[in-house]
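J.:
Chains as they are written, first to last, in the working numbering: chain A, 1 to 360; chain B, 1 to 298.
1) Which residues, in order along the segment 51-62 of chain A, keep a beta-carbon less than 7 Å from a beta-carbon of chain B?
2) Three or more C-beta pairs closer than 8 Å, one from the segment 177-197 of chain A and one from the segment 29-45 of chain A: is that the case here?
3) So residue 95(A) and residue 58(A) are supposed to be a Cβ contact under 8 Å. How far apart are they, rounded?
4) Please determine if the segment 225-233 of chain B and the segment 179-193 of chain B are in contact, where contact requires at least 3 C-beta pairs separated by less than 8 Å.
5) Between the C-alpha atoms of residue 273(B) and residue 50(B), what's the straight-line distance to the nearest angstrom?
6) If we ignore side chains and look at the alpha-carbon of each, how far apart do residue 235(A) and residue 140(A) end up?
7) If we ignore side chains and look at the alpha-carbon of each, how far apart do residue 74(B) and residue 264(B) end up?
8) When the Cα atoms are used, what is the spatial distance from residue 170(B) to residue 203(B)?
9) Residues in its own chain within less than 6 Å of residue 250(B) by CB, not counting five upstream and five downstream?
10) Distance check for residue 193(B) and residue 208(B), CA to CA, integer angstroms please.
11) Go ahead and pull the three-state DSSP assignment for residue 68(A).
12) Strictly under 8 Å for the Cβ-Cβ distance: is residue 214(B) near chain A by that measure?
13) Just to confirm my understanding: we take residue 188(B), look at its own chain, exclude 5 residues before and 5 after, and list those with CB closer than 6 Å. What are they?
14) Residues of the segment 114-146 of chain A with a CB closer than 9 Å to any CB of chain B: list them in chain order, please.
15) Note down the Cα distance separating residue 259(A) from residue 12(A), rounded to an integer number of angstroms.
16) So which residues on chain A does residue 217(B) lean against when the C-beta distance must stay under 8 Å?
17) Do the CB positions of residue 277(A) and residue 252(A) come within less than 8 Å of each other?
18) Given a cut-off of 8 Å, decide if residue 21(A) and residue 43(A) are closer than it, judged by their beta-carbon atoms.
19) Please state whether DSSP places residue 128(A) in a helix, a strand or coil.
20) Identify which residue in 267(B), 285(B), 155(B) has its Cα closest to the Cα of residue 61(B).
21) Whose Cβ in chain B lies nearer than 7 Å to the Cβ of residue 101(A)?
22) Using a Cβ-Cβ cut-off of 8 Å (strictly less than) and excluding sequence neighbours within five positions of residue 4(B), which residues of its own chain qualify?
23) Residue 193(B) CB to nearest chain A CB: under 8 Å?
24) Measuring only the C-alpha atoms, how far is residue 164(B) from residue 78(B)?
25) Measure from the alpha carbon of residue 133(A) to the alpha carbon of each residue in 163(A), 93(A), 143(A), then state which is nearest.
26) Just to confirm, is the Cβ distance from residue 330(A) to residue 313(A) under 8 Å?
27) Can you tell me whether residue 46(A) is helix, strand or coil according to DSSP?
28) Taking the C-alpha atoms as reference points, what is the distance between residue 279(A) and residue 29(A)?
29) Could you tell me the boundaries of the beta strand (DSSP E) in which residue 316(A) lies?
30) With the cut-off set at 8 Å, would you say residue 211(A) and residue 228(A) are in Cβ contact?
31) For a cutoff of 8 Å on Cβ pairs, would you count residue 79(A) as touching chain B?
32) Could you tell me whether the Cβ atoms of residue 213(B) and residue 200(B) are closer together than 8 Å?
33) Would you call residue 278(B) buried or exposed, if buried means 16 or more other Cβ atoms sit within 10 Å of its Cβ?
34) To the nearest angstrom, how far is the alpha carbon of residue 78(A) from that of residue 48(A)?
35) Which residues mark the beginning and the end of the beta strand (DSSP E) in which residue 162(B) is found?
36) Which residues in the same chain have their Cβ closer than 6 Å to the Cβ of residue 287(A), if we skip the five residues on either side of it in sequence?
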């Protein structure tokens, strides 16, 4: 079975006076896991619900595996769905829950039993058929919900904040497990999440949404390394944003004269559509990309706080002319700078991303 | 002043705090005594008295079970018992069939109209039984509105008298008892996650299928509570039957009323009262059982 691609074409949706989705195009390639990432109210859940058939779009069309399904009810779209709180049927056993989709397809009993066993093996809960839902832990319920969604071999798997109800430790484990399973089955998947770590860890591509638009879509590492707008840079990870004026290096590559250090031109990464020279721009630099040096050419800063974060140290730097601190992360065993110390901040051209101001 | 007082060390503060707490300490179980006495005097004692009187067959030279034997063997009284049961069952089923959709609509679709629907539902309870009954008589009598409408629509060719008919009793009872059904069901429906139905839909169930397999089974607690309430209340109601039935619907409560007022056979009336009491108690036990079972499940 070749995985089916999913396509939303010019979808829009309005609830009362609120425009939930502006006309939006989205294509999920066959077999890929695409994460819709955004703050609450950005339209990600509406997008998922339109794809599932729980909401009807005001305009546009929905295609699954090349077939238009815009007017089909949810039960005829052949989707598997995992809900935020699992939505397991409390009055049924684990086995009955998983078998529900098979029952709806009128599969005969003995095949149902075999298939349920197969699914329980898949989610590593063999022998749980007769348990009651309330006897399961959160992680187990999550896996049963997944088994229930996958039992009918759906063409597409929809995940609505699938790990949102789990505590942090469990969540990390489940991220890997869910991702491994999705890849093994090669099932086209659309996941909705507001957790950027989850989106980055689990997906082939991330679509960052804001106010009913997709602001940026791409591989997680690309979106992380090259955010298009201030919103993306700040929603996906932490970013230090510097205002400045666009210029060019001697070799013509882009460089920015920061407002806080107008006496020098700092190199920046080339972007696809560059504003004209002299335009006001914002530059995003990831905290872990900033080096601490004693180079006189570097941006002068003073350490105002050193915070141990477990996997790294976070330094808060005060820079003259700038109200908010500059964050720097370093993975050393001991702090490399002390509070009050004067240091220089520098970064590679690659790490300074010019943001498009339009959506900032 | 106050501030310095409250910051004083424990030595001086403790007795003062105790003094301040005293009024609250005064609210003791003892305060329930007037209510308990009242209930004992005017509810428990008469009930016990009535209970004992129900076994008063010896007073007329018979066994204590004389009246029960009469009630459960005499074909006339058996008929009345059957009628009582039938009316209760019909009213309960009618309330369920009419009430469930209302409850479902209130919980899932009514939104801001919820309060209005609720108000309309409980109005009959706020109206005096005389007013309510009179209203139905006006609507249902031979010269009443309903008869006139049916005439002018050409559905009937001469006026019908629906008052003083069993149907009037059923209408009157359903009217006043349906809120108990709707509210019992709505309370349970409100606790059922809508996404459960969506889950079922995504798994291939039709809208109706999702309702029948998920929401309906999960709401059975509410259905049971509502049914037991309506059943017990119908069992014990007699004013509606007296005023709207026109003597055509004779149930146990009505018979009791007659025994007291007409034949003045209070011993027999007490025995019948005990039968009703036992029926109500059985229903109560069923309900308590039901709730306990749910408690273990949840």
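Even glycine gets a Cβ: it sits at the ideal position worked out from N, Cα and C. No experiment lies behind these values; they were computed from the predicted model shown.
T.: On the basis of the coordinates in this document:
1) 52, 54
2) As far as the Cβ criterion goes, the segment 177-197 of chain A touches the segment 29-45 of chain A, which means the pair count is three or higher.
3) Locating residue 95(A) in the first chain gives position 95, where the first residue counts as 1. Locating residue 58(A) in the first chain gives position 58, where the first residue counts as 1. Contact flag wrong, Cβ pair sits at about 41 Å.
4) yes
5) As a first step, residue 273(B) must be located in the second chain, where it is residue number 273. As a first step, residue 50(B) must be located in the second chain, where it is residue number 50. Roughly 8 Å separates the two Cα atoms.
6) If you number the first chain from 1, residue 235(A) lands on position 235. If you number the first chain from 1, residue 140(A) lands on position 140. Roughly 30 Å separates the two Cα atoms.
7) Locating residue 74(B) in the second chain gives position 74, counting from the first residue. Locating residue 264(B) in the second chain gives position 264, counting from the first residue. Approximately 19 Å, taken between the alpha carbons.
8) Translated into positions along the second chain, residue 170(B) becomes position 170. Translated into positions along the second chain, residue 203(B) becomes position 203. Answer to the nearest angstrom: the Cα atoms are 42 Å apart.
9) Along the second chain, one-based indexing puts residue 250(B) at 250. Around residue 250(B): 80.
10) The residue you call residue 208(B) lines up with position 208 of the second chain. The residue you call residue 193(B) lines up with position 193 of the second chain. The alpha-carbon atoms of residue 208(B) and residue 193(B) are separated by roughly 16 Å.
11) Here residue 68(A) refers to the residue found at position 68 of the first chain. Reduced to three states, the DSSP call for residue 68(A) is strand.
12) Along the second chain, one-based indexing puts residue 214(B) at 214. With 8 Å as the cut-off, residue 214(B) counts as an interface residue toward chain A.
13) Taking the second chain and counting its residues from 1, one reaches residue 188(B) at position 188. Correct list, in chain order: 219, 221, 222.
14) 132, 134, 145
15) Along the first chain, one-based indexing puts residue 259(A) at 259. Along the first chain, one-based indexing puts residue 12(A) at 12. C-alpha separation (whole angstroms): 40 Å.
16) Looking up residue 217(B) in the second chain gives position 217. Those are 91, listed as they occur along chain A.
17) The sequence position of residue 277(A) within the first chain is 277, counting from 1. The sequence position of residue 252(A) within the first chain is 252, counting from 1. When the beta-carbon positions are compared, residue 277(A) and residue 252(A) stay at least 8 Å from each other.
18) Taking the first chain and counting its residues from 1, the one referred to as residue 43(A) is at position 43. Taking the first chain and counting its residues from 1, the one referred to as residue 21(A) is at position 21. Yes.
19) The residue labelled residue 128(A) in the question sits at position 128 within the first chain. The answer is coil: DSSP assigns residue 128(A) none of H, G, I, E or B.
20) The count along the second chain starts at 1 and reaches residue 61(B) at position 61. Closest option to residue 61(B), Cα to Cα, is 267(B).
21) As a working note, residue 101(A) is residue 101 in the first chain. 203, 204, listed in chain order.
22) In the second chain, residue 4(B) corresponds to position 4, counting from 1. Confidence at residue 4(B) is low in this model, with a pLDDT of 42, below 50, so the placement of that residue is unreliable and no value is reported for it.
23) One-based indexing of the second chain puts residue 193(B) at position 193. Judged by the 8 Å Cβ criterion, residue 193(B) is in contact with chain A.
24) The residue given as residue 164(B) occupies position 164 in the second chain. The residue given as residue 78(B) occupies position 78 in the second chain. Using only the alpha carbons, I get a separation of about 23 Å.
25) Residue numbering aside, residue 133(A) sits at position 133 when the first chain is read from its first letter. Ranking the options by Cα distance to residue 133(A), first place goes to 93(A).
26) Here residue 330(A) refers to the residue found at position 330 of the first chain. Here residue 313(A) refers to the residue found at position 313 of the first chain. For residue 330(A) and residue 313(A), yes; Cβs fall inside 8 Å.
27) Position 46 of the first chain, counted from the start, is the residue given in the question as residue 46(A). Residue state, collapsed to three classes: helix.
28) Here residue 279(A) refers to the residue found at position 279 of the first chain. Here residue 29(A) refers to the residue found at position 29 of the first chain. If I take the Cα positions, the gap works out to 37 Å.
29) Working through the first chain from its first residue, we reach residue 316(A) at position 316. From DSSP, the beta strand (DSSP E) with residue 316(A) extends over 313-318.
30) Working through the first chain from its first residue, we reach residue 211(A) at position 211. Working through the first chain from its first residue, we reach residue 228(A) at position 228. Not a contact, by the Cβ cut-off of 8 Å.
31) If you number the first chain from 1, residue 79(A) lands on position 79. By this cut-off, residue 79(A) is an interface position.
32) As a first step, residue 213(B) is located in the second chain; it is residue number 213 there, counting from the start. As a first step, residue 200(B) is located in the second chain; it is residue number 200 there, counting from the start. Taking 8 Å as the Cβ cut-off, residue 213(B) and residue 200(B) qualify as a contacting pair.
33) Mapped onto the second chain, residue 278(B) falls at position 278. When all chains shown are included, residue 278(B) counts as exposed.
34) Position 78 of the first chain, counted from the first residue, corresponds to residue 78(A). Position 48 of the first chain, counted from the first residue, corresponds to residue 48(A). Going by the C-alpha atoms only, they are around 14 Å apart.
35) The residue you call residue 162(B) lines up with position 162 of the second chain. Neither: residue 162(B) is in no beta strand (DSSP E) and is coded neither H nor E.
36) On the first chain, residue 287(A) is found 287 positions in, with the first residue counted as 1. Cβ neighbours of residue 287(A) within its own chain (closer than 6 Å, five residues either side excluded): 238, 327, 328, 329.
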